[in-house]
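Residue numbers (my numbering): 950 to 1238.
Note that the Cβ used here is the ideal one computed from N, Cα and C, for glycine as well.
Remember, predicted model here, so these are calculated numbers, not experimental data.
Since the structure comes first, as structure tokens, the remarks are kept for the end.
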Ligand SMILES: NC(=O)c1ccc[n+]([C@@H]2O[C@H](COP(=O)([O-])OP(=O)(O)OC[C@H]3O[C@@H](n4cnc5c(N)ncnc54)[C@H](OP(=O)(O)O)[C@@H]3O)[C@@H](O)[C@H]2O)c1
């Protein structure tokens, strides 16, 4: 990182605009190059940075990179510039004792406002959001990017028996970008539905990914809950997991991970991880591929 003193200063909003500029650069340029130059005029000044994709580093820049901007670059550029056809990132906010909600499904909000903004930023750089049916039933989320600049991506809910009614925010939003995946033997009358076969009464996550690839969705954000993320994790299909640890203890609740228990510590795989302070929480950035 170049640190000459005659550099432009940058606001938090402008730092985020430079991340969105990277997203649209990648959308227009499918080639896998080793480094990219992103330019964007903000407040009548041209901001410019060069990013080395392999090293995941900004190697030249004409503006001051403070801690906030550096964190945005570290969090989002490796996701935007990944070379995979379909890249799956999961996010969960959990308590110190490993719960994503109370036993009565209250989860708003386990994590800080800073983490909530991070979730909206993840939505904005993603091409699609996936959540399980329990999350929609409990939280009735909109799954939009309303806290930050950026477009709302398509949202897909896994609802195999088509039990969720149309009343939920994700289906009533004016952008009409809320969809469901349901069982392929059902005959739905509603719009915005995809259908997949059930195997042992579950969708095969690989079929879900094939559907997303057909829809040309590259960055897939799996936003919960624990059951849904655990299924992708358990089949080694997640590329990255952001686990936000909040400084609270619940005693009992809904677990982050529902996976087969490990018999011995010798069998446990150690993940590659980096940490970042996010408000009063700690974000673990875990690379899984
Ligand atoms: N703290 C956080 O970060 C966070 C994030 C999101 C949600 N939450 C909380 O987490 C709780 C919900 O989480 P959860 O773990 O209980 O459930 P969930 O993951 O939201 O939903 C699980 C349901 O999704 C459907 N599903 C998922 N994968 C499927 C597959 N491969 N095939 C078919 N169906 C599939 C199934 O629905 P059906 O069996 O009904 O068909 C399954 O029971 C709520 O309390 C919510 O508030 C917390």
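Whole-angstrom Cβ separation of residue i and residue j, contact assumed at under 8 angstroms?
i	j	result
residue 1132	residue 1110	7 angstroms
residue 1204	residue 1048	6 angstroms
residue 1190	residue 1182	7 angstroms
residue 1172	residue 1106	Contact doesn't hold; Cβ gap of about 11 angstroms is too wide.
residue 1037	residue 1187	5 angstroms
residue 1025	residue 968	5 angstroms
Under DSSP, the alpha helix (DSSP H) around residue i begins and ends at which residues?
i	result
residue 962	961-977
residue 1179	1175-1183
residue 1097	Neither: residue 1097 is in no alpha helix (DSSP H) and is coded neither H nor E.
residue 1120	1118-1121
Who does residue i pair with in a DSSP beta bridge?
i	result
residue 1227	1230
residue 988	997
residue 1012	957
residue 1107	1081, 1130
residue 1169	1037, 1077
residue 1256	Look at the range of the chain in this structure, 950 to 1238, and you will see that residue 1256 is not part of it.
residue 1145	1132
Helix or strand or just coil, what does DSSP make of residue i?
i	result
residue 1140	coil
residue 1191	strand
residue 1002	coil
residue 1151	strand
residue 1237	coil
residue 1206	coil
residue 1112	coil
residue 1071	helix
Going by DSSP, what residue range makes up the beta strand (DSSP E) through residue i?
i	result
residue 1044	1036-1044
residue 1049	1048-1050
Nearer than 7 angstroms: is that true of the beta carbon of residue i relative to any heavy atom of ligand 1?
i	result
residue 1083	yes
residue 1151	yes
residue 1187	no
residue 1154	yes
residue 1184	no
residue 1063	no
residue 1110	yes
residue 1002	no
residue 1094	no
residue 1228	no
residue 1121	no
residue 1056	yes
residue 1041	yes
residue 1234	no
residue 1047	no
residue 1088	yes
residue 1050	yes
residue 1107	yes
residue 1059	yes
residue 1080	yes
For ligand 3, is there any heavy atom lying closer than 7 angstroms to the beta carbon of residue i?
i	result
residue 1201	You won't find ligand 3 in this model; what it holds is ligand 1.
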